[in-house]
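Using my numbering, count along the sequence shown one by one with no gaps and you end on 413.
Beta carbons are placed, not taken as given, at the ideal position from N, Cα and C, and that holds for glycine.
First comes the structure, then the notes that go with it.
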Amino acid sequence: MENIDKKSSSPQNKINLQGFQKVNLYFPKEDDKKKSFNKKENIDESSVMKRILRKRKQNMVAQHEEFIQHDVSLLRNNTLKIDARAKDYCVVRRDKDFVTLYELYKSKDFKQNPKKIFVLGEGSNTIFASREIESLVVKIDSAYFNIITQDDEFVWVSCDAGLLFRDFVVWSCENGFSGLENLAGIYGTVGAAPVQNIGAYGTEVKDVIDNVTYFDLKIGDFRTINNKDCNFSYRSSIFKYQDGTKIISQVCFKLKKQFVFNDSYSALSKAFANVKKSDINPLSVAKKVMEIRDNKLPNPRNLGNCGSFFKNPVISFEHYERLSLIYPNIVAYDDNDGKKISAAWLIEVCGFKGKKYNKVGMYNKQPLVLVNYGVRTVTELLDFADLVAQTVKTKFDIDLIKEPHIVY
Ligand SMILES: Cc1cc2nc3c(=O)[nH]c(=O)nc-3n(C[C@H](O)[C@H](O)[C@H](O)COP(=O)(O)OP(=O)(O)OC[C@H]3O[C@@H](n4cnc5c(N)ncnc54)[C@H](O)[C@@H]3O)c2cc1C
Numbered sequence: 006m007e008n009i010d011k012k013s014s015s016p017q018n019k020i021n022l023q024g025f026q027k028v029n030l031y032f033p034k035e036d037d038k039k040k041s042f043n044k045k046e047n048i049d050e051s052s053v054m055k056r057i058l059r060k061r062k063q064n065m066v067a068q069h070e071e072f073i074q075h076d077v078s079l080l081r082n083n084t085l086k087i088d089a090r091a092k093d094y095c096v097v098r099r100d101k102d103f104v105t106l107y108e109l110y111k112s113k114d115f116k117q118n119p120k121k122i123f124v125l126g127e128g129s130n131t132i133f134a135s136r137e138i139e140s141l142v143v144k145i146d147s148a149y150f151n152i153i154t155q156d157d158e159f160v161w162v163s164c165d166a167g168l169l170f171r172d173f174v175v176w177s178c179e180n181g182f183s184g185l186e187n188l189a190g191i192y193g194t195v196g197a198a199p200v201q202n203i204g205a206y207g208t209e210v211k212d213v214i215d216n217v218t219y220f221d222l223k224i225g226d227f228r229t230i231n232n233k234d235c236n237f238s239y240r241s242s243i244f245k246y247q248d249g250t251k252i253i254s255q256v257c258f259k260l261k262k263q264f265v266f267n268d269s270y271s272a273l274s275k276a277f278a279n280v281k282k283s284d285i286n287p288l289s290v291a292k293k294v295m296e297i298r299d300n301k302l303p304n305p306r307n308l309g310n311c312g313s314f315f316k317n318p319v320i321s322f323e324h325y326e327r328l329s330l331i332y333p334n335i336v337a338y339d340d341n342d343g344k345k346i347s348a349a350w351l352i353e354v355c356g357f358k359g360k361k362y363n364k365v366g367m368y369n370k371q372p373l374v375l376v377n378y379g380v381r382t383v384t385e386l387l388d389f390a391d392l393v394a395q396t397v398k399t400k401f402d403i404d405l406i407k408e409p410h411i412v413y
């Protein structure tokens, strides 16, 4: 186990997995040379970089804590602000933590008292569904990234799974790399991004992922798989429905050096309709996307939520045709398997938009977002979600499926 042999299916993959001793490489462009650089790390020190550097320092200090901790509060580890506690909890920051976890997983003790494994990022797509979480909660908390290689067109950047995705997006846009700008402001960690193939404003993260490295707890080894083998689809991948034993440690992004504006989403094309082409760049797009999102979505810092609570359901063409005779304004998109219906529209037509029941409700600007106005226990929240889903079922004969991962 000491010499972990990483199998790579990608020619560009030269990932150095020496944990926090990794060296950050940064290849400045001519314009960037004018900027000030952080001498130690050789990267520019924007506010985002300051946050990342702070996290790395905290991680170094934390290296002597017990690996398995007990009765740990998860309140700060989920954006829905549910006050659950993990019976068993550990933090994985570097390669040797994966090894320790593997040894634990294979131990006689663990075999005699098996537990489900739940891999936790920022908890922005997670519902802790009981007060005491029985699963072993494995928190991923690493925050390094390297430029691995580049050619005339692309740059390959490998990121640790614990890095905040929104921080990495800002870094990439600030450095003029294109591909992630439409995904600016999405909550969560880099490691969780491929899990449900996060998407927004006409882009999905699969469009910019080159390969993904995960630790396979069953065999105690790292594996790197390329984009195709991740089986990405709408809000899904091979990592979505698994038992927690495939733990993503790194994601390698392939970003464009030349900016390509994806304005397929109408709110974005409208926002830039009167802007000179030469003034549009990854950073200006990212800023606009964040502005649009801020106006539409509640900030979890102020109001507990986990983004879209339900997936957009896909129904058959026949079902869609029947509904569109009764509801000519139904919001639907083409899908390989039929018609994808806007869950937000369904919820709004059922009268839940902006409705508050005690301390739970659907957000007034985006009815797909369930908001926690102050409940600490999950029952009230899930009961309300069931009421919404049941009402949609009765009115439209459509099943709403919850998007977040429900953990016990
Ligand atoms: C305000 C708000 C807006 C949002 N907007 C969007 C949006 O526009 N588009 C979108 O797609 N999503 C959106 N989301 C949902 C969420 O941001 C994403 O799903 C995000 O990728 C979750 O990241 P996380 O680190 O918080 O994952 P968590 O909630 O911690 O985990 C989510 C799932 O990923 C698994 N996982 C996490 N890390 C790893 C890992 N390293 N290895 C293997 N499995 C792992 C977990 O086990 C779990 O199954 C939004 C959420 C919020 C709160």
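With C-beta atoms as the reference, is residue i less than 9 Å away from residue j?
i, j, result
"ILE122", "THR250", "yes"
"SER313", "ALA348", "yes"
"CYS164", "CYS257", "yes"
"LYS86", "PRO305", "yes"
"VAL175", "ALA166", "no"
"ASN310", "VAL376", "yes"
"PRO318", "ILE224", "no"
"ARG228", "PHE220", "yes"
"TYR413", "ALA134", "yes"
Could you give the distance in angstroms between the alpha-carbon of residue i and the alpha-carbon of residue j?
i, j, result
"LYS27", "PHE170", "Residue confidence is low: LYS27 scores 32 on pLDDT, short of 50, so the model does not pin down where it sits. Its coordinate-derived value is still stated next. Their backbone Cα atoms lie some 19 Å apart in a straight line."
"PHE72", "CYS95", "6 Å"
"LEU387", "VAL380", "11 Å"
"LEU308", "GLU385", "16 Å"
"ILE153", "PHE159", "11 Å"
"ILE57", "THR208", "25 Å"
"TYR362", "ALA390", "11 Å"
"CYS355", "SER78", "36 Å"
"LYS364", "GLN395", "19 Å"
Between the Cα of residue i and the Cα atoms of the options, which residue gives the shortest distance?
i, options, result
"ASP212", "VAL265, PHE277, PRO333, LYS281", "VAL265"
"LEU222", "LYS400, GLY204, LYS262, LEU109", "LEU109"
"ASP215", "PHE227, ALA205, PRO199, GLY225", "PRO199"
"GLY196", "ASN187, ILE352, LEU168", "LEU168"
"PHE182", "PHE315, GLN263, SER238", "GLN263"
"ASP157", "PHE389, LEU273, LYS259, ILE285", "LYS259"
"TYR270", "ASN232, PRO333, GLU186, ARG228", "GLU186"
"TYR107", "GLY128, PHE133, SER78, LEU141", "LEU141"
"ASN130", "THR382, ALA276, GLY193", "GLY193"
"ILE138", "ALA148, GLN201, LYS120, PHE150", "LYS120"
"ALA205", "LEU273, ILE145, ASP114", "LEU273"
"ASP146", "VAL124, ARG136, LYS233", "VAL124"
"ASP100", "ASP226, LYS60, CYS235", "ASP226"
"MET54", "LYS316, LEU302, ALA148", "ALA148"
Could you spell out where the beta strand (DSSP E) holding residue i opens and where it closes?
i, result
"GLU139", "137–145"
"VAL96", "90–97"
"LEU125", "122–125"
"CYS178", "Note, CYS178: premise wrong, no beta strand (DSSP E); alpha helix (DSSP H) at 170–179."
What is the C-beta distance between residue i and residue j, in whole angstroms, given that I count them as a contact (C-beta under 8 Å)?
i, j, result
"ASP76", "ARG90", "6 Å"
"ILE352", "VAL294", "With a Cβ gap of about 23 Å, ILE352 and VAL294 do not count as contacting."
"SER241", "THR218", "With 8 Å as the limit, SER241 and THR218 do not qualify as a contact, their Cβ atoms being about 19 Å apart."
"VAL143", "ILE252", "7 Å"
"GLY343", "SER321", "5 Å"
Following the continuous alpha helix (DSSP H) through residue i, name the residue where it begins and the one where it ends.
i, result
"CYS219", "For the sequence presented, residue 219 should be read as Tyr rather than Cys. That residue, TYR219, is in no alpha helix (DSSP H); its beta strand (DSSP E) goes 214–221."
"PHE115", "113–117"
"ILE297", "287–301"
Between residue i and chain D, is there a C-beta pair that is closer than 9 Å?
i, result
"GLY343", "Annotation note: the requested chain D is absent from the structure, which comprises a single protein chain."
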